[in-house]
Amino acid sequence: MPEIDVKAELEDIVYLLDMLLTDVMIPKNAKIILSNIKNIVETDSKNVIKLSEAIYGLQDVSEDPNLPLNAKSEVWQLLNKLEKVKELLK
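Reading the sequence shown from the start, the letters are residues 399 to 488 in this note's numbering.
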């Protein structure tokens, strides 16, 4: 049963990452980090260490002063989802 939840969460994460990556208001440095996180989620989604790396990257993005407020809320939502997936995989 948790496998279905993990798969659905990962699909939501990729969808949110795609939305952020296509947003013209997101700074370029944040897009680079988000692109790396998307790569981790798509290729190493079962690796808890790589998911931790993605979480740390998202925390860095959330602290970017140039990030619009609506994007910060989406980044926090992504953080929540990644932490949930990481807990399900433990």
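All C-beta atoms in this analysis are idealised placements derived from N, C-alpha and C, irrespective of residue type, glycine included. Since we're looking at a predicted model, the values are computed, not measured.
Chain D within 9 Å of Ile438, Cβ atoms only: The displayed structure is made up of one protein chain only, and chain D is not part of it.
Other residues of its chain near Val446: CB distance less than 7 Å, five sequence neighbours each side excluded: Only Lys484, Leu487 and Lys488 meet the Cβ criterion.
Short Cβ contact (9 Å threshold) for Lys479 with Leu414: Taking C-beta atoms as the reference points, Lys479 and Leu414 count as a pair closer than 9 Å.
Spatial distance of Ile438 from Val422 (CA atoms): Spanning the two alpha carbons is a distance of roughly 23 Å.
Rounded distance between the beta-carbons of Leu419 and Lys429, thought under 8 Å: Sure, about 6 Å apart at Cβ, within 8 Å.
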